[in-house]
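Beneath this line is the structure, given in structure tokens, with notes to follow.
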Amino acid sequence: MYFDSFTEFLRMGDHGLYVWVAYGSTLVVLLGAFFITRSMSRSVEENIRWAILARQAEQVAGIAAKQGRSNES
Amino acid sequence: MVGALLLREWKILLRARASVVNPLAFLLLSTLLFAIAAPQLVAEASQQASGILWVLVLFTQLLSLDAMFRRDYDSGTLEQSLIMADVPFVAVLIRIFVQWLGTGLVIVIATPVIGPLLGLSWSAVPGTMLALLLGTPALSLLGSIGAGITVGFSRGGIILALLVLPLFLPVLIFGTDIVNAAGAGLNYTAQAYWLALISLAALIVSPFAALAGLRISVEMQ
Amino acid sequence: MKLNQKLKEYWHKLGSPRWFYEITTNWVTFFGIGALLLLVTGLVWGLAFAPADYQQGNSFRIMYVHVPAAMVAQSLYIGMGVAGFIGLVWRMKLTDVAIGACLPLGMVLTALALFTGGVWGKPTWGSWWEWDGRTVSTLVLLFLYIGIYALREAIPDLDLRARASALVCLVGTVNIPIIKYSVEWWNTLHQSASFSLTEKPAMPVEMWLPLLIMGLGFYCFAGHQVLSRMRLEVLTREANSRWVAEVMLSKGAPAAVMQPSTTDTTDHGKD
């Protein structure tokens, strides 16, 4: 550890404000980018899964209807 | 073939006299605005003339870029007049050259009038004319790339500016430097070579890129 | 198999969205973990353990976030130029996906580099903004990014948008060295009175090692982000193809969906 105490570490030798603002903005950007991308991926994957589910449900319904018709005749 | 093409483009330019008069009028008008809004900036020997002049030249060029392919595009003849020409590269190059005649060359000729109006000293006028003569071709050439891509947009003006102005930056830097050096009586050979080199590089690259942009724009129609 | 045949096959595979999606699954995790480890190590080291600069004091610690951001921002633009070149020559669809993925991150990192530069400049130069060479170059880079962004927003058609942005990326990348050189020339004429950061003596190891770690961390983060965004875009574009269904069903799908359909075996996929 370069600093003697935690208060020293926070003060950064009178440059604390600048250092913490710079690191804070960097963290906001990196974390923001990460979470935005992740939530976008999740919603896209979710939508695709629902679409597949819907397609399969349609197929099942189609088969059932066909079978129903063949039973009647 | 080149002669015939050149003649045709030249005739079109002469027919639309506004395309020559408008940039000049815009340049003079902006000079007037500067003289009214910031008289201390355009005072005699204020050292600011080079910067103001070059920025005005950049804006004038930018405003006239949209018209470079606009008429052909709107009338739907862009494909046959440029893209399907025997040698499209040459056809586009001639179009750029004629556009330069209507803006860059006119600006160079008007420099002895506009320069002193902006506070440029008389001794700097020849150097300024040389700088404009070497630099404005690069503006027309690089600008043609942006004009080719954005001609298909109904409101492409701001996008054209965003695409093209960063590319104009080197011309602005060396151009103003020449004018400053000329005003101070210094040697500006190196800057002149750089400006010529930029124009030459733009000459090699731009017609191809502009053509590629035009092909995209035609498909957008 | 001969080497050039193998290379050819590899090259064709590169254009296939499915192949790309499957091979990058592990890469994303790798880059993500790498970014996390390197960035945490670098941040702690740079903030708490690296010695202060004898001239600038502790404000020099901003370098550990400023320099990597600027470096990655520039690399991403050059990457877009390379992708544009490949896209124009070989008409590969994936290159436009890459450009679209690099663009937002590059833009944000350029803005971050400018912002942290200003925050660093205040205690060092005495002003938030100094028109020095690197600042101007970075600002121009931001405008290049914004120009491409505006262009992409203006063209709805996927194929035309891909070609237009590839062209603009390529032209911009070719111009970057010219812009940098001319800005440096301009800077020597307008040298500000403040002391230059480039004329510092060489940094000691304990100062540049954290910088190296942060740099690698930023590159890993960029790799993670760009690949994630590309995979996202590939999924969106290919949403109705059979391979996306297969990939999606193979991981974490509801049980009802897991049953394979017996009737439909024809390929709905485009490729």
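Residue numbers (numbering that gives the first Met the number 0), protein chains in the order written: chain A, 0 to 72; chain B, 0 to 220; chain C, 0 to 270. Heads up, the beta-carbon is just placed ideally off N, CA and C, and yes, glycines get one too.
- Put simply, of C:M229, C:T235, C:M202, C:Q224 the residue whose alpha carbon is nearest the alpha carbon of A51 (chain C) is C:M202.
- Under the Cβ criterion of 8 angstroms, E43 (chain B) is not counted among the residues facing chain C.
- Separation of the CB atoms of M128 (chain B) and V107 (chain B) is rounded to 5 angstroms, and the pair is thereby assigned contact status at 8 angstroms.
- Looking at the DSSP output, D52 (chain C) shares a beta bridge with C:G56.
- Under the three-state reduction of DSSP, S4 (chain A) is assigned to coil, being neither helix nor strand.
- Look at Q55 (chain A) here: in three-state DSSP terms it is helix.
- For a Cβ distance threshold of 8 angstroms, residue set A163, L166 of chain C lies close to G212 (chain B), ordered along the chain.
- With contacts defined as CB atoms closer than 8 angstroms, G142 (chain B) and V163 (chain B) qualify as a contacting pair.
- Distance from the CA of I47 (chain A) to the CA of S136 (chain C), rounded to the nearest whole angstrom, comes to 42 angstroms.
- In the DSSP assignment, E183 (chain C) falls within the unbroken alpha helix (DSSP H) covering 157 to 188.
- At a cut-off of 8 angstroms between C-beta atoms, D85 (chain B) does not count as an interface residue with respect to chain C.
- Interface with chain B (8 angstroms Cβ-Cβ cutoff): N174 (chain C) is included.
- Among the residues of chain C, those whose CB is under 9 angstroms from the CB of L162 (chain B) are L143, G146, I147, A149, L150, V167, V170, G171, following chain order.
- Sorting B:Y187, B:V124, B:F68 by C-alpha distance to the C-alpha of F152 (chain B) places B:F68 at the top.
- Close to Q224 (chain C), with beta-carbon spacing below 7 angstroms, are these residues of chain A in chain order: A32, T36.
- If you look at K10 (chain B), you'll find it in the alpha helix (DSSP H) that goes 1 to 14.
- Taking C-beta atoms under 8 angstroms as the contact rule, S139 (chain B) and Q190 (chain B) fail to qualify, at a distance of about 20 angstroms.
- Taking 8 angstroms as the upper bound on Cβ-Cβ separation, chain A lies near no residue of the region 9 to 33 of chain C.
- Residue environment for Q220 (chain B): exposed (fewer than 16 other C-beta atoms within 10 angstroms of its C-beta).
- Counting of Cβ neighbours within 10 angstroms places N25 (chain C) among the exposed residues, the total staying below 16.
- A check of alpha carbon separations from G222 (chain C) across A:Y22, A:A32, A:G12 identifies A:A32 as the nearest.
- Taking 8 angstroms as the cut-off, the Cβ atoms of R230 (chain C) and Y20 (chain C) count as close.
- At a cut-off of 8 angstroms between C-beta atoms, M67 (chain B) does not count as an interface residue with respect to chain C.
- Using beta-carbon distances, L248 (chain C) counts as an interface residue toward chain A, with a partner under 8 angstroms.
- The shortest C-alpha to C-alpha distance from P165 (chain B) to any of C:I175, C:A163, C:L150 is the one to C:I175.
- Between A137 (chain B) and A201 (chain B), the gap from beta carbon to beta carbon is short of 8 angstroms.
- As the crow flies, the alpha-carbon of P87 (chain B) is around 14 angstroms from that of I144 (chain B).
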